[in-house]
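Residues are numbered in the working numbering as their position in the sequence shown, beginning at 1, plus a constant of 24.
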Amino acid sequence: MPQTLLVVREAYSETVMDLSHYEDDYDDTYEESITEEFGPELAVLLIKSDHLLPATKATLIAKIDTAIQQREALQRVVDRELQSLRSAATDIRSVTDTLAEVSDTLFESSSYLRT
């Protein structure tokens with residue numbers, strides 16, 4: 025494998041595939057992963073080519089930029105959802121506390137408990 029393609033492979037393996045949960049979640053090879061990430065056409069060029077052509081490099085960089093933007097957008101959505109869930113949990117705790125207080129108050133003031 026030519027040096028530049030080896031650098032691409034190592035960079036991909038050391039970033040995308042080097043997550044603690046990667047094997048458990050995906051359990052795929054480099055070839056399978058880049059095919060899924062970048063599409064079969066680019067994957068073939070990265071796996072089978074003798075060298076990294078300027079057009080292939082430009083396509084790879086564009087696809088990497090797109091992947092970064094998509095992941096950043098997803099991260100923003102996840103962050104908003106997490107904040108929404110935290111807010112809902114706070115509201116639920118407040119309602120639960122109020123219900124407990126009301127329940128205790130109603131139970132304590134019930135006439136059938138008076139003798």
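We put the beta carbon where it would ideally sit given N, CA and C, even for glycine.
Nearest-angstrom Cα separation, counted from D103 out to Q93: In this structure, the CA atom of Q93 is about 15 Å from the CA atom of D103.
To the nearest angstrom, how far is it from the Cα of L69 to the Cα of A79? Straight-line spacing of the CA atoms in L69 and A79 works out to 10 Å.
Buried or exposed: where does I58 fall if 16 or more other Cβ atoms within 10 Å of its Cβ makes it buried? Sixteen is the threshold: when 16 or more other Cβ atoms of the shown chains lie within 10 Å of the Cβ of I58, as they do, the residue is buried.
Given a cut-off of 8 Å on the beta-carbon distance, is the pair K87 and F62 in contact? With respect to the 8 Å criterion, K87 and F62 are classified as neighbours on the basis of their beta carbons.
Which first and last residues belong to the alpha helix (DSSP H) in which T39 is found? Taken as a continuous stretch (DSSP letters only), the alpha helix (DSSP H) holding T39 covers Q27 to T39.
In three-state terms, what does DSSP make of L43? L43: coil per DSSP, three-state reduction.
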